[in-house]
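So the protein sequences, as listed, match chains Y and U.
Counting from 0, one number per residue, gives the positions in the first sequence under numbering that gives the first Met the number 0.
Counting from 0, one number per residue, gives the positions in the second sequence under numbering that gives the first Met the number 0.
Data first, discussion second: the structure below is written as structure tokens.
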Amino acid sequence: MSEIKNIRDQFISKLENDLSIDQINEIKTDLFGKNGLISSKFKTIGSIPETDRKKFASNLNQVKDELQNLITSKINEIEGKKINEKLEKEKVDITLPERPFVRGKVHPVSQTIDEISSIFSEIGFSVEEGPDVENEYNNFTALNTPDNHPARDMHDTFYLDENKEVLLRTHTSPVQIRTMLKDKPPFKIIAPGRTYRSDSDQTHAPMFHQVEGLHIDTNINMGHLKGCLNYFIKEFFEVEKIKMRFRPSHFPFTEPSAEVDIGYEIKDGKIIIGEGDKWLEILGCGMVHPNVLRNVKVDPSKYQGYAFGIGIDRLAMLKYGINDLRAFFDCDYRWLNHFGFDPLDVPSNYRGLSR
Amino acid sequence: MKITYDWLKDHLKISAKEDKLLEKLTDIGLEVESIENLSEGLDLFRVAKIIKTEKHPNADRLKVCDVDVGNNEIKKVVCGAVNAREGLLTVYAPPGAIIPKNKTKLVVAKIRDVTSYGMLCSESELNLSDESDGITELSSSKYAKNIGKSYFSKPSSNLIDLSITPNRPDCLGVRGIARDLSAAGFGNLKPEKDKKIKSNKKQTLKVKITKEKNQGCLSFGSCLITNVKNTESPKWLKDKLISIGQKPISAIVDITNYVMIDINRPLHAYDADKIDKGIIVRNSKSGEEFTALDNKNYKLDDGMCVISDNKGVLGLGGIIGGTRSGTELDTKNVLLESAYFDPRSIRKTAKKLNIDTDAKFRFERGIDQLSIEVGLNKAAFLIKEICGGEISKIDIQKTESYKNKVIKFEPKTFEKITGFKISTKEMINILEKLGFKLKKEKKCFKLSVPSWRPDIVQEIDIVEELVRISGYEKIKIENPIKERSKNTLNPTQKLFHFLQRAVASKGYLEAITWSFTDSKYNDHFKEDNKEIKIVNPISSELGVLRNSIFSNLLMYMSKNLDRGIKDLSIFEIGPIFYGPQPGEQNIVVCGLSAGKKSRLSWVEKERNVDVFDIKRDVIQTLVEAGYNAEKFYIDDESPNYYHPGKSGRIFLNKGKDKVATYFGEIHPNIIKTLDIKTESLVGFEIFLDNLKLPKKSLKDQKTKYSVSDFQKSERDFAFIVDKKISAQDIVSVISNIDKNLISNIKVFDVYEGDNIPENQKSVAISVTIQSLEKTLTDNDLEKTNNLIIETVENKTGAKIRS
Numbered sequence: 000m001s002e003i004k005n006i007r008d009q010f011i012s013k014l015e016n017d018l019s020i021d022q023i024n025e026i027k028t029d030l031f032g033k034n035g036l037i038s039s040k041f042k043t044i045g046s047i048p049e050t051d052r053k054k055f056a057s058n059l060n061q062v063k064d065e066l067q068n069l070i071t072s073k074i075n076e077i078e079g080k081k082i083n084e085k086l087e088k089e090k091v092d093i094t095l096p097e098r099p100f101v102r103g104k105v106h107p108v109s110q111t112i113d114e115i116s117s118i119f120s121e122i123g124f125s126v127e128e129g130p131d132v133e134n135e136y137n138n139f140t141a142l143n144t145p146d147n148h149p150a151r152d153m154h155d156t157f158y159l160d161e162n163k164e165v166l167l168r169t170h171t172s173p174v175q176i177r178t179m180l181k182d183k184p185p186f187k188i189i190a191p192g193r194t195y196r197s198d199s200d201q202t203h204a205p206m207f208h209q210v211e212g213l214h215i216d217t218n219i220n221m222g223h224l225k226g227c228l229n230y231f232i233k234e235f236f237e238v239e240k241i242k243m244r245f246r247p248s249h250f251p252f253t254e255p256s257a258e259v260d261i262g263y264e265i266k267d268g269k270i271i272i273g274e275g276d277k278w279l280e281i282l283g284c285g286m287v288h289p290n291v292l293r294n295v296k297v298d299p300s301k302y303q304g305y306a307f308g309i310g311i312d313r314l315a316m317l318k319y320g321i322n323d324l325r326a327f328f329d330c331d332y333r334w335l336n337h338f339g340f341d342p343l344d345v346p347s348n349y350r351g352l353s354r
Numbered sequence: 000m001k002i003t004y005d006w007l008k009d010h011l012k013i014s015a016k017e018d019k020l021l022e023k024l025t026d027i028g029l030e031v032e033s034i035e036n037l038s039e040g041l042d043l044f045r046v047a048k049i050i051k052t053e054k055h056p057n058a059d060r061l062k063v064c065d066v067d068v069g070n071n072e073i074k075k076v077v078c079g080a081v082n083a084r085e086g087l088l089t090v091y092a093p094p095g096a097i098i099p100k101n102k103t104k105l106v107v108a109k110i111r112d113v114t115s116y117g118m119l120c121s122e123s124e125l126n127l128s129d130e131s132d133g134i135t136e137l138s139s140s141k142y143a144k145n146i147g148k149s150y151f152s153k154p155s156s157n158l159i160d161l162s163i164t165p166n167r168p169d170c171l172g173v174r175g176i177a178r179d180l181s182a183a184g185f186g187n188l189k190p191e192k193d194k195k196i197k198s199n200k201k202q203t204l205k206v207k208i209t210k211e212k213n214q215g216c217l218s219f220g221s222c223l224i225t226n227v228k229n230t231e232s233p234k235w236l237k238d239k240l241i242s243i244g245q246k247p248i249s250a251i252v253d254i255t256n257y258v259m260i261d262i263n264r265p266l267h268a269y270d271a272d273k274i275d276k277g278i279i280v281r282n283s284k285s286g287e288e289f290t291a292l293d294n295k296n297y298k299l300d301d302g303m304c305v306i307s308d309n310k311g312v313l314g315l316g317g318i319i320g321g322t323r324s325g326t327e328l329d330t331k332n333v334l335l336e337s338a339y340f341d342p343r344s345i346r347k348t349a350k351k352l353n354i355d356t357d358a359k360f361r362f363e364r365g366i367d368q369l370s371i372e373v374g375l376n377k378a379a380f381l382i383k384e385i386c387g388g389e390i391s392k393i394d395i396q397k398t399e400s401y402k403n404k405v406i407k408f409e410p411k412t413f414e415k416i417t418g419f420k421i422s423t424k425e426m427i428n429i430l431e432k433l434g435f436k437l438k439k440e441k442k443c444f445k446l447s448v449p450s451w452r453p454d455i456v457q458e459i460d461i462v463e464e465l466v467r468i469s470g471y472e473k474i475k476i477e478n479p480i481k482e483r484s485k486n487t488l489n490p491t492q493k494l495f496h497f498l499q500r501a502v503a504s505k506g507y508l509e510a511i512t513w514s515f516t517d518s519k520y521n522d523h524f525k526e527d528n529k530e531i532k533i534v535n536p537i538s539s540e541l542g543v544l545r546n547s548i549f550s551n552l553l554m555y556m557s558k559n560l561d562r563g564i565k566d567l568s569i570f571e572i573g574p575i576f577y578g579p580q581p582g583e584q585n586i587v588v589c590g591l592s593a594g595k596k597s598r599l600s601w602v603e604k605e606r607n608v609d610v611f612d613i614k615r616d617v618i619q620t621l622v623e624a625g626y627n628a629e630k631f632y633i634d635d636e637s638p639n640y641y642h643p644g645k646s647g648r649i650f651l652n653k654g655k656d657k658v659a660t661y662f663g664e665i666h667p668n669i670i671k672t673l674d675i676k677t678e679s680l681v682g683f684e685i686f687l688d689n690l691k692l693p694k695k696s697l698k699d700q701k702t703k704y705s706v707s708d709f710q711k712s713e714r715d716f717a718f719i720v721d722k723k724i725s726a727q728d729i730v731s732v733i734s735n736i737d738k739n740l741i742s743n744i745k746v747f748d749v750y751e752g753d754n755i756p757e758n759q760k761s762v763a764i765s766v767t768i769q770s771l772e773k774t775l776t777d778n779d780l781e782k783t784n785n786l787i788i789e790t791v792e793n794k795t796g797a798k799i800r801s
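This is the structure in structure tokens:
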């Protein structure tokens, strides 16, 4: 009995010393190794008289647990101390810069195109495209703008040949022609893309972007046109109310034709869309001219509908407060960084167009 | 088209305020572009009398005048006019007044040390005439009592500038605008009150329109007015022209201009005595020449419509007259022309000769064919009234008679197109006020179109008239239905958007540059493509369509580097062109990366961007877009603008596809020639049109999920191999040995130099060996190991490094 107590006392006092991990492990072996003191005692349990055996075993287990716990806590203490010492040495200046990263941006025009597509997607339009180089027929004649018609003066055209048969499209309207020639009605498309006109000054660039819209069915009238654009403008500018004005105008390929103005005001040097008493022209539209439908073999007595053309760059300028059109194409990294969008900001219906 | 409310009132009975007028004009499609108050400040100009003149002490040609400006005020004014003399009545402008001609504001100024308080004005400075020799002389009988009073009688009304669309020539006349307004219920159109010429005198100058192909003149009306005295226009006429910003010239010219603006009827006045015998309207012959009223000499081609006499060309019909037969102040006999020219012929000629005149602008849009006589009557009577003389009968020569257009119109078409209703009564009212003559038939109207509306040819044109006049605000909003029957984007368009954002997410700024470029830049990148020239570029630096996006992108990269940024990645996604025909274009994603990685980093070693950076960007983009990197095949062939040793191309599949991308360092020669200042420049091009679209949609792309939890073993090999053998070759050999057992093949070291024979290299490769079915025994592993070594050695001539 006292032997066990002796072992206990002896080792507890040993463990009170300042020990290394190795020394503790040695003690562990001395006690609990194959022939360790405690291990050996357990082997003797069988030879203890029955009457004392229970008590002996109980005592032995108690001492074993006590010593084991002490050893474990001793080891933890030393290891903990070691880690603490290490932590003390390993302190870094966490305000030093992180490893370098670079951030790309999507051009505001691309972002705007995605926003526009997202809005029109919701009301059933799909996206069509056409080539930048067009023939004279698709760009003008098929759109009811014959040669030697003053309406052609409205477009300063880049030509690729002396006969003026091949040109850079002056608007996205030829996509109407291509789409209608390719398929059968009904049509419900938008066509964003590059367009070209040969003037260049502060407010005009020789290349700019337009989005064409076309909706042809048996019963589409000017009310639908108004409704569609009203919806688009509200969604695009992310405002509840919009002041919109339809004004009679003339385009050879639509009749009746309209230009659409939106109301705005300038507050603290910033443009506020949808309020105020100033008007800003943002798009042209109208009912597709029967001559155009005839040119693409669609029967105007059965089908009718509307078309519109919107300047994308202009919309982007208004929405994002960009003053200078020319800067869109100047490729200054500071401008691209400032006005560009994070590639993860994909405009979508469920998440909203912009953050 | 410039008008004033006052002039409109000549034709329109109306009392509404001007702001209501402006609103109405825009509402009916006659857009108000701007408003200008020409009379602002004109009340400052006063009638004044020169009391005394003295020679300027410091300038021989200047005089110092004491001027009585009324209210017992005498002002000292320095004046250089020869006719400045004592007793002269003239126009005085005080400091603060703005001179109409050059818009300068007068201030008290010292002129050669003498202070001048204001200015005495010439007629030219007041925009009254071209007379700039000397100051205005006012007749003392008329103005003696007016000293100190405002010279300009009453403030003229605002100048309203309208943007008239090309389909509305009728609104290039004040009366046409008035008619439109009256149809919209804004005032009542006053009836025309012009008298008709009743004369016994014959028009003695013979007029002949030759019969020939493409004769541009369909009808030529004329009237001879003899014994006139051309003079300055009366004040009412001058005021009228001045009110819309025009300058009076002489009565005869002013009258023709007035009639043109008033009723959109261009006229031309000839000095009849300068015409040799008679007028011949004919096609020009190549080489003919004449000097026009703009003082330019024009050389004509074949087939331009000219007005000529026996001596030659007098003018271009409907475009511009010539100096030889122009009227002057001493003109005694006037031949007035009122003709109709074919719009297409006018446009063709004017375009070819690059002439733009008021008459041309009107004729090319279409003039009222029935206004020939009205115009002659109106002008001839005015000339007689102002210049005296005798009017002859009107002579009209024609090659073609005007045919009245008739259109069938069904009232229900209106609602079908516009979505709202107006009553038949209202339709009739609008159309009649616009000048249509209506005949009711069973279900429709037969409409006779007024001669001044060449734009109206079919039923839809009638709908436009009705909706325009009744007001676009009446169109009801039909809200769109949120329904989709077709995908918004097709797979190619989805790929476009995906690539755009995938590349941007790798640190590239998206640029949009012109589709055209400088041929100097383009030459470096066009390879075997033909140069596609723009016939009329805005500048020679933008003279060709780009064969590659690199041309523009490199130029802008260079500009940005010059701005002081050192490390920059930019890209553009857009068209490049390989031919001049529609459709001969491809979509390319093109990127450039310049400078260093980790420049000035405390934690990482800085290094130049290199070909493997750009390769990572490209491969990662393709993998993200859904392409399987294990199938990619890469070789070192690339266009000349890349560094020949540090560039390559990627195919999505070996042997079957078009090139998916090129990537590599930009050729040092190009960097040198274009003077691009950077440590390193790498680029890539992804050809969107060459990327085969995944056959399956994303939802079907996921294959069965199977992984192995049996023990895996990683083994490393080092092969000594000929330098020409590519890493890709060795990896491909190993991957084809047993796809079920061997995966994760990675080249982790390449070494040339000491201990390696010349022209050889050591390639270290790590592979994972793992079975899907069982734990591999040492024996199994050894077998696979040996198989790898054996196969690589056999197929590539490599030797395992012991």
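Where is the CB? At the ideal position from N, CA and C, for every residue including glycine.
Option nearest residue 286 of chain U by Cα separation, candidates U:301, U:375 and U:292 | U:301
Neighbour flag for residue 513 of chain U against chain Y, beta carbons, 9 Å = yes
Could you confirm whether any beta carbon from chain Y is found closer than 9 Å to the beta carbon of residue 597 of chain U?
-> yes
Using beta-carbon positions only, say whether residue 184 of chain Y and residue 126 of chain Y come within less than 9 Å of one another.
-> Going by C-beta atoms, residue 184 of chain Y is not nearer than 9 Å to residue 126 of chain Y.
To the nearest whole angstrom, what separates the beta carbons of residue 311 of chain Y and residue 169 of chain Y, a pair I think is in contact under 8 Å?
-> Not quite, the Cβ-Cβ distance comes to about 15 Å (not below 8 Å), so this is no contact.
Neighbour flag for residue 33 of chain U against chain Y, beta carbons, 9 Å = It does not: the Cβ of residue 33 of chain U has no partner Cβ on chain Y nearer than 9 Å.
Applying a beta-carbon distance threshold of less than 8 Å, which residues of chain Y neighbour residue 416 of chain U?
-> 220, 221, 255, 286 and 303
Name the DSSP bridge partner or partners of residue 108 of chain U?
-> U:115
In the structure shown, what three-state DSSP assignment does residue 260 of chain Y receive?
-> strand
Name, in chain order, the residues that DSSP records as bridge partners for residue 338 of chain U.
-> U:219
Which chain Y residues are close to residue 555 of chain U, counting only those with a beta carbon under 7 Å from its beta carbon?
-> 330
In three-state DSSP terms, what is residue 759 of chain U?
-> Judged by DSSP in its simplified three-state form, residue 759 of chain U adopts strand.
Looking at the C-beta of residue 56 of chain Y, does it have a partner C-beta in chain U at a distance below 9 Å?
-> no
Curious, which full-length beta strand (DSSP E) runs of at least 3 residues does the segment 127-168 of chain U contain?
-> 158-162
Under 7 Å between beta-carbons, which chain U residues line up against residue 229 of chain Y? List them in chain order, please.
-> From the beta-carbon of residue 229 of chain Y, the residues of chain U found nearer than 7 Å are 476.
Assuming residue 685 of chain U contacts residue 617 of chain U (C-beta within less than 8 Å), just tell me the rounded distance between them.
-> 7 Å
On a CA-only basis, which of Y:252, Y:309 and Y:72 is nearest residue 151 of chain Y? Give me that one, please.
-> Closest in C-alpha terms to residue 151 of chain Y, from the list Y:252, Y:309 and Y:72, comes Y:252.
Local Cβ density within 10 Å of residue 272 of chain U, reported as buried at 16 or more and exposed below that | exposed
Cβ of residue 448 of chain U less than 9 Å from any chain Y Cβ?
-> no
Compare the C-beta of residue 501 of chain U with all C-beta atoms of chain Y and state if any pair is closer than 9 Å.
-> True, the Cβ-Cβ gap to chain Y drops below 9 Å.
Beta-carbon contacts of residue 316 of chain U that lie in its chain and below 7 Å, excluding the five residues immediately before and after | 215, 216, 280, 304, 305, 306, 338 and 340
Kindly indicate which three-state DSSP category residue 661 of chain U falls into: helix, strand or coil?
-> strand
Leaving out the 5 sequence neighbours to the left and right, which residues in its chain are closer than 7 Å to residue 325 of chain U when beta-carbon positions are compared?
-> 270 and 292
Mapping DSSP to helix, strand and coil, what is residue 286 of chain Y?
-> strand
Going along chain B, which residues have a C-beta under 9 Å from residue 98 of chain Y?
-> Chain labels in this structure do not include chain B; the protein chains are Y and U.
Quick one: which chain U residues come within Cβ less than 8 Å of residue 245 of chain Y?
-> 471, 472 and 474
Check each candidate in U:502, U:258, U:224 and U:309 and name the one with the smallest Cα separation from residue 389 of chain U.
-> U:224
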